[in-house]
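These notes are about the structure you will find just below.
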Amino acid sequence: MSDEAPAERRPQEGPENRGGDRERGDRDDRIHSLERVVEHPVALHSSSITVYADVIRYRELFGSLFRRDLRAKYRGSVLGLVWSLLHPLVLMAVYLLVFSLLWRVAEVGSGDYWLFLLCGLPAWVFFATAAQASSRSLLENANLIRKVRFPRQLVPLSIVATHLVGFAVMLVVVVVLSLLRIPEARDTVWLAFPLGALFACMVAGVALAIASLNALFRDVEHLLTALLLPWFFLTPILYSLDQLPGVADYPAAEFAIHWVNFLTPPIEAMRDVLFFGELPRLSETIYVAVAAVVALGAGSFVFSRSDDRIAVEV
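First residue of the sequence shown: 0, per numbering that gives the first Met the number 0; consecutive thereafter.
Spelled out as structure tokens, the structure:
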């Protein structure tokens with residue numbers, strides 16, 4: 000008889016184990032690739048001035064995060080990155096089917112309610128998807144944050160940049176439809192792009208603040224999810240403020256929807272130039288510009304105050 004101990008039998012590898020190993024391998028590869036981008040420790044500054052300047056200083060790392068997030072959204076799909084163009088178009092088609100054909104709210108302006116609806120959708124979809132995705136961005140990148148020393152604000156800002164692609168696609172589609180359908184808007188439609196740029200700055204600041212707070216207080220993402228549905232109906236996307244029943248009876252409610260809800264002025268301004276063919280009202284244009292600056296400042300302030308705790312809390 001042989002004195003050799005029987006070889007230890009390895010458990011058979013099932014498909015689920017292979018899938019888990021593959022997933023973990025992909026995640027580790029992504030972390031290692033980003034580690035190579037920041038091989039040397041970087042001097043971090045979390046002051047309000049440098050929070051956004053770091054996007055330019057570490058643009059290679061920011062580009063790597065952006066490309067990773069964009070590929071991760073559509074990994075394993077046949078069309079791949081083509082979905083970054085198709086997804087916003089499909090989303091617009093679904094909204095049109097539900098709210099313009101199946102549930103018609105009201106006729107406005109020229110009677111093209113479908114275009115009226117589309118003029119407000121890109122801003123809302125961009126804000127809602129970017130805010131939700133960025134709220135968990137620091138938590139989902141906890142391994143990277145613990146292993147690599149780099150400006151952590153790049154993580155949520157890269158998420159915003161990823162969703163900015165869909166916003167740009169939707170905005171271009173609406174601009175083309177406006178040029179084809181609304182002759183009066185041909186002189187003003189181009190103003191949608193600077194308004195969109197200001198709105199993107201606003202979303203970036205809000206998303207950075209949400210991501211920072213959620214890294215410290217996990218209730219923030221659940222609160223945001225609960226607020227988004229009522230927020231959608233309290234934002235004039237399906238309706239016009241001027242035609243809202245009961246506005247004259249409740250001026251405080253109209254004021255809150257118009258000016259307290261920071262999504263209303265940019266949506267109304269973009270609808271003015273895209274649908275009505277008018278210059279945006281001066282009050283709303285000033286509001287959008289000031290709100291963009293305030294949002295960026297608030298985002299950098301919240302992040303600067305919480306930056307030292309993020310690596311510990313995640």
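Yeah, the Cβ is synthetic: ideal placement off N, Cα and C, and Gly gets one too.
Keep in mind it's a predicted model, so treat the numbers as computed, not measured.
- prompt: Helix, strand or coil for Glu312 per DSSP?
  reply: helix
message: Assuming Ala122 is part of the alpha helix (DSSP H), what are its boundary residues?
response: 112 to 134
message: For the alpha helix (DSSP H) containing Arg270, name the first residue and the last one.
response: 263 to 270
task: Taking the CB atoms as reference points, tell me whether His162 and Thr128 lie closer together than 7 Å.
output: yes
query: Under a three-way DSSP split, which group does Arg151 fall into?
result: In the structure shown, Arg151 adopts coil according to DSSP, grouped into three states.
message: Using the Cβ count rule (16 or more neighbours within 10 Å means buried), how would you classify Asp271?
response: Counting other Cβ atoms within 10 Å of its Cβ, Asp271 reaches 16 or more and is therefore classed as buried.
field: Contacting residues, own chain, Cβ-Cβ under 7 Å from Ser191 (five flanking each side not counted)
entry: The identity of residue 191 in the sequence shown is Ala, whereas the question assumes Ser. If we look at Ala191 and ignore the five residues flanking it on each side, its Cβ neighbours are Leu170, Val174, Met269, Val272, Leu273.
query: Out of Leu178, Arg67, Asp111, Asp218, which has the shortest C-alpha to C-alpha gap to Ser134?
result: Asp218
- prompt: Thinking C-beta only, is Leu295 closer than 7 Å to His204?
  reply: The sequence shown places Gly at residue 204, not His. Their beta carbons are under 7 Å apart, which means Gly204 touches Leu295 by this criterion.
- request: Compute the beta-carbon to beta-carbon distance between Leu176 and Leu117, rounded to the nearest angstrom, for a pair I have assumed lies under 8 Å.
  value: 7 Å
- request: Spatial neighbours of Thr263 within its chain, please: CB distance less than 8 Å, with the 5 preceding and 5 following residues excluded, ordered by chain position.
  value: Around Thr263: Thr234, Pro235, Leu240, Ile256, His257.
- prompt: Is Ser305 closer than 7 Å to Leu215 when the C-beta atoms are compared?
  reply: yes
Exposure label - Tyr249; buried when at least 16 CB within 10 Å: exposed
message: For Val301, which residues in the same chain have their Cβ closer than 8 Å to its Cβ, ignoring the five residues on either side in sequence?
response: Leu207, Ala208, Ser211, Leu212
- prompt: Got a sec, what are the start and stop residues for the alpha helix (DSSP H) Pro182 sits in?
  reply: In the DSSP annotation of this structure, Pro182 is not part of any alpha helix (DSSP H), being labelled neither H nor E.
- prompt: When you compare each of Phe261, Lys146, Thr187 to Met201 by their alpha carbons, which one comes out closest?
  reply: Phe261
message: Runs of 4 residues minimum, wholly inside the segment 177 to 255: which ones carry the alpha helix (DSSP H) assignment?
response: 191 to 215, 218 to 232, 250 to 254
Where Leu170 sits in the DSSP three-state scheme: Taken through DSSP and simplified to helix, strand or coil, Leu170 comes out as helix.
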